[in-house]
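A quick write-up on the structure given underneath.
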Amino acid sequence: MKSDPIKSLDPRVGRLPQTDNPTKQPLDQFSTFEVFVQPAPGKPFRHEGPVHAPGLEMAYVLAKEAFTRRFTCSSLFVADTHDVHVFAPDEQALPTDDAASKAMTPSTFEIFQLTKRGKQSVQTGAIEAASPQQALALAHQQCTAMPYAFWAIDRRAIRFTASEEQDFWQTLPDKKFRDAAAYKGGEKLQRFLDASR
Amino acid sequence: MYGGGITFDGAGADTLASEDPVRLQAFEARIERGEKIEPTDWMPALYRRQLIRMIEQHAHSEIIGALPEGTWITRAPGFKRKLSLMAKVQDEVGHAQLLYSAAETLGKTREEMITDLISGKSKYSNIFNYPAYTWADACFISWLVDAGAIVNQLANAKGSYGPYCRALERICAEESFHLKYGHHCVIYLAAGTQQQRAMFQEALNRWWPPMMHFFGPADKISDHTRILMKWKVKMATNDAMRNQFLDMYVPKIRELGFTIPDPMLAKNPETGVWDYTEPDWEEFKRVIQGDGPCNRERLDVRRIAEARGRWVREALRSPRAVYSMPLA
Numbered sequence: 001m002k003s004d005p006i007k008s009l010d011p012r013v014g015r016l017p018q019t020d021n022p023t024k025q026p027l028d029q030f031s032t033f034e035v036f037v038q039p040a041p042g043k044p045f046r047h048e049g050p051v052h053a054p055g056l057e058m059a060y061v062l063a064k065e066a067f068t069r070r071f072t073c074s075s076l077f078v079a080d081t082h083d084v085h086v087f088a089p090d091e092q093a094l095p096t097d098d099a100a101s102k103a104m105t106p107s108t109f110e111i112f113q114l115t116k117r118g119k120q121s122v123q124t125g126a127i128e129a130a131s132p133q134q135a136l137a138l139a140h141q142q143c144t145a146m147p148y149a150f151w152a153i154d155r156r157a158i159r160f161t162a163s164e165e166q167d168f169w170q171t172l173p174d175k176k177f178r179d180a181a182a183y184k185g186g187e188k189l190q191r192f193l194d195a196s197r
Numbered sequence: 001m002y003g004g005g006i007t008f009d010g011a012g013a014d015t016l017a018s019e020d021p022v023r024l025q026a027f028e029a030r031i032e033r034g035e036k037i038e039p040t041d042w043m044p045a046l047y048r049r050q051l052i053r054m055i056e057q058h059a060h061s062e063i064i065g066a067l068p069e070g071t072w073i074t075r076a077p078g079f080k081r082k083l084s085l086m087a088k089v090q091d092e093v094g095h096a097q098l099l100y101s102a103a104e105t106l107g108k109t110r111e112e113m114i115t116d117l118i119s120g121k122s123k124y125s126n127i128f129n130y131p132a133y134t135w136a137d138a139c140f141i142s143w144l145v146d147a148g149a150i151v152n153q154l155a156n157a158k159g160s161y162g163p164y165c166r167a168l169e170r171i172c173a174e175e176s177f178h179l180k181y182g183h184h185c186v187i188y189l190a191a192g193t194q195q196q197r198a199m200f201q202e203a204l205n206r207w208w209p210p211m212m213h214f215f216g217p218a219d220k221i222s223d224h225t226r227i228l229m230k231w232k233v234k235m236a237t238n239d240a241m242r243n244q245f246l247d248m249y250v251p252k253i254r255e256l257g258f259t260i261p262d263p264m265l266a267k268n269p270e271t272g273v274w275d276y277t278e279p280d281w282e283e284f285k286r287v288i289q290g291d292g293p294c295n296r297e298r299l300d301v302r303r304i305a306e307a308r309g310r311w312v313r314e315a316l317r318s319p320r321a322v323y324s325m326p327l328a
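Chains as they are written, first to last, in the numbering used here: chain A, 1 to 197; chain B, 1 to 328.
Below you can see the structure in the form of structure tokens.
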């Protein structure tokens, strides 16, 4: 079925080709990856949200665009959502090792805590453990003020920012056109109002 | 405003009767205490359904809202305006990403949401079904439509659903420059030539009626809000948000010497509330249902973009991928 071309004020829209009517299949938008941002050197990483991507490397590129385009950033990392292990102490029993994790070689896990509902998960340190379940149990054991949730991510599953990539964000402060303070119309408005009085 | 379709097809509040009363009470007590709801918590089906609908419509509005402004990037007057508008439009598309993810934590996949957008099943902000004839229309959108969106977003950021609040906090922080940029553009038109002033006045005449529709139907015809306000899904009534917008922006528009095309518009000295000519809700309904000047163009552009990008997504997709719902 061929329909009429689009009538638009923008001639480029009028020139768009006719296409079929797509219905999106599962995974057309890929799976999800979680994004963690360090706003300044020495500050803890914070969970910023997810991106959809076909793999870890593309997730890193898209995360950089979606979450570190506007505000200060010194480093960024991403991990597949499947690799972020969650434990909510109020609602779940203490995690125990499953068969898959018993076969793991020990590793270092990045630990995050969501201290209050509605806030962001914040990095609280790293723990050496034989499995993600053990890492979560240790984090829980070491904790005095109990958070809403713990997250543990095996470092081997993380796409970190390499040292030669750390200059990605150096030019952010120069992009004044994204800064509300760069749009001062007050004086121009005042001159206009004075003149029209 | 977003999620307002219930005015026309009912909130389904009857489903409440089938909820577990103990869990419902605990859920309501948590909201009462000012705590947020997180994706893993129990929630009533009506809460989940209405939030999906609202956040999804908000996300679609960011995507579709980028179209009328986006076509003005190449024709924006001067390099600086092009740079600003491009950054603003990029932000809007980024905001759609954040919002789709927040809705996704409630159990509707992004594929389903986009399919429902391009098939016309789910709605987006009605105002983007009107055309931007001149640069002044693009300026009206940047300043006043964004101002209206910010009134709504600041209210909703205090709502009860954690992922939506987190997305809105980031969105509000990013949008602070949009409003200033839009006002700056309008000041330059206002302080310009007679022709430039006339151009903005004409844009104001065209956009005022859709702007009054923007916050959704009057409270007297949209009466499903009580339970949604109790659950902090909706944080202010449509009329309250409309009134707040008028309070903040009518003086700023008049200060520039422009005339708002509504002779009835005045703040009532007794009630402190704005009086105005009743917006044409029949037109609002007609345009929402697909019969506006740009409905077809907006959805066609979106649909063609999906169809033309499909081969890229297929080439990138890993056969081993397994879907996972985002965490927060």
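Note that CB positions come from ideal geometry on N, CA and C, so glycine has one too.
- At a cut-off of 8 Å, the C-beta of lysine 188/A has a neighbouring C-beta in chain B.
- Taking a C-beta distance under 8 Å as the contact criterion, proline 54/A and leucine 327/B do not qualify as a contact pair.
- Using beta-carbon distances, alanine 87/B counts as an interface residue toward chain A, with a partner under 8 Å.
- With a threshold of 8 Å between beta carbons, histidine 184/B makes contact with chain A.
- With respect to the C-alpha of phenylalanine 245/B, the residue from Val301/B, Gln289/B, Val145/B having the closest C-alpha is Val145/B.
- DSSP, reduced to helix, strand and coil, places valine 312/B within a helical segment of the structure shown.
- The beta strand (DSSP E) runs of length 3 or more contained entirely in the stretch 259–302 of chain B do not exist; there are none.
- In the DSSP assignment, leucine 114/A falls within the unbroken beta strand (DSSP E) covering 107–114.
- Partner residues in the beta bridge of leucine 76/A, as assigned by DSSP, are Val37/A.
- Judged by DSSP in its simplified three-state form, glycine 192/B adopts coil rather than helix or strand.
- For proline 210/B, the closest of Lys121/B, Leu189/B, Asp280/B by C-alpha to C-alpha distance is Asp280/B.
- Membership of glutamine 120/A in any alpha helix (DSSP H) is not indicated, and neither H nor E is assigned to it by DSSP.
- Taking the Cα of leucine 168/B as reference, the smallest distance to any Cα among Gly107/B, Leu256/B, His95/B, Asn295/B is reached at His95/B.
- Three or more beta-carbon pairs drawn from the stretch 126–146 of chain B and the stretch 70–87 of chain B are found closer than 8 Å, and the two stretches are therefore classed as touching.
- A residue is called buried once 16 or more other Cβ atoms fall within 10 Å of its Cβ, and arginine 170/B is buried on that count.
- Tyrosine 148/A and histidine 47/A have their alpha carbons spaced roughly 15 Å apart.
- Secondary structure at proline 95/A: coil, using DSSP grouped into helix, strand and coil.
- Between the alpha carbons of glycine 182/B and proline 95/A lies a distance of about 52 Å.
- Secondary structure of serine 31/A (DSSP, three-state): strand.
- By the CB criterion at 8 Å, valine 78/A and leucine 56/A fall inside the cutoff.
- Distance from the CA atom of proline 131/B to the CA atom of proline 293/B, rounded to whole angstroms, is 7 Å.
- Non-local beta-carbon contacts of glutamine 134/A in its own chain, meaning distances under 7 Å to residues more than five positions away in sequence, involve Asp97 in chain order.
- Near chain A, meaning a CB-to-CB distance below 7 Å, no residue of the stretch 193–215 of chain B qualifies.
- DSSP places tryptophan 208/B in the helix class (H, G or I) of the three-state scheme.
- The straight-line gap separating the alpha-carbon atoms of arginine 75/B and alanine 149/B is approximately 25 Å.
- Taking a 10 Å sphere around the C-beta of glycine 162/B, we find 16 or more other C-beta atoms and assign the residue as buried.
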